[in-house]
Structures are given as structure tokens and as C-alpha cells.
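What follows is a short report on a single structure.
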Amino acid sequence: MSAPLTDLSAEQAAHTLRTHTLRVCVQPEDIDELNHVNNVVYLVWCELAARAHSDRVGMTLPRLMKLGAVAVARRHDITYHIPALLGDEVEVWTNLVSSQGIRARREYTLTRVSDQKRLAECFTDWVWVDPVSGRPKRPNPEIVEAFGF
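Anchor point for the sequence shown: position 38 equals 38 in the working numbering, and the numbering is continuous, going up by one each time.
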């Protein structure tokens, strides 16, 4: 018989389900006329991290479609600190910080791996919608539980 989870281990398990890290390497196509990563690319990386996180917990797009709810972005807010440059390896850490009803919030921290300098921070407010009608819809409990809520 297995031992019951302590509060700390349950909290750690939820943290593991709610967070994900993705590493990307700055490519020539990411660079703009100012010779640094274009601002829009940071947002693309954030979305890639969110999708990779969702896939990791078993909530792939086909699975979400089958369960009847997909997340769409309502708002993005990015604060840029220092630029990423060609060849930089960037760690995109994401944390699904809340999920209540039809809304969820995800935070991101983008860090240059070589010196651990924070490049940017972002948050995205997501709304769950029915993939057929496009109308807001509470997610199936299976979805919410997959992310540790």
C-alpha cells in the first residue's frame, strides 16, 4: 500500500503539472533591422512553450477538440528587459498560475541561458471556448485536472 501524499508533495505535483520549460536558439529569421530578436518572436516562443506544456500533460489540440474546449488568447502583456541576439539560447519558462471557470492565466519568463539574464516577462489571459461555436465554455474537468487544478 502506498503512503498518502503530504501537502508538500501534492503541492510539488501540482507545480510540476502547471509549469514547463522550453529552450529555443535564436535563428537568423528571428532578427530584425535593429540586429536583435524582433518583439513578436518573444510572443511566438511563449505560445510554443504553452503548446508544448499542454502536449506534455496530454492535452494536445486533437484531445482538447474531442473534450470540447480549446484555449484562445484574450490578452498578452510583455515587458522587455534586454535583447536576445543571434545564436543566443533562450529558456522560456511558463507557469499556468490560475484557472477559474472560462479563464486561465499563464505567466512566462524568458532567460538567456549563457548568463541567466532575464530577457522578458509575459503573461497571457486565456479564455476557454467551444471549438465548434467559438463561444466561451467551461473546460471539461479532465482538462483542468491535467494542469493540476
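Backbone N, C-alpha and C fix where the C-beta goes; we use that ideal spot for every residue, glycine too.
Only a predicted model underlies this, so the values are computations on that prediction, with no experimental measurement involved.
- The continuous alpha helix (DSSP H) containing Asn-39 extends over residues 39-56.
- The C-alpha of Pro-136 is placed about 23 Å away from the C-alpha of Ala-49.
- Assigned with DSSP and collapsed to three states, His-81 falls in coil, not helix or strand.
- Listed as beta-bridge partners of Leu-110 by DSSP are Val-92, Ala-120.
- When C-beta atoms of the segment 107-120 are compared with those of the segment 66-77, fewer than three pairs fall below 8 Å, so the two segments do not count as touching.
- Two segments are said to touch when three or more pairs of C-beta atoms, one from each, lie closer than 8 Å; by this definition the segment 83-91 touches the segment 12-26.
- The beta-carbon separation of Gly-134 and Arg-18, rounded to 26 Å, does not stay under the 8 Å limit for a contact.
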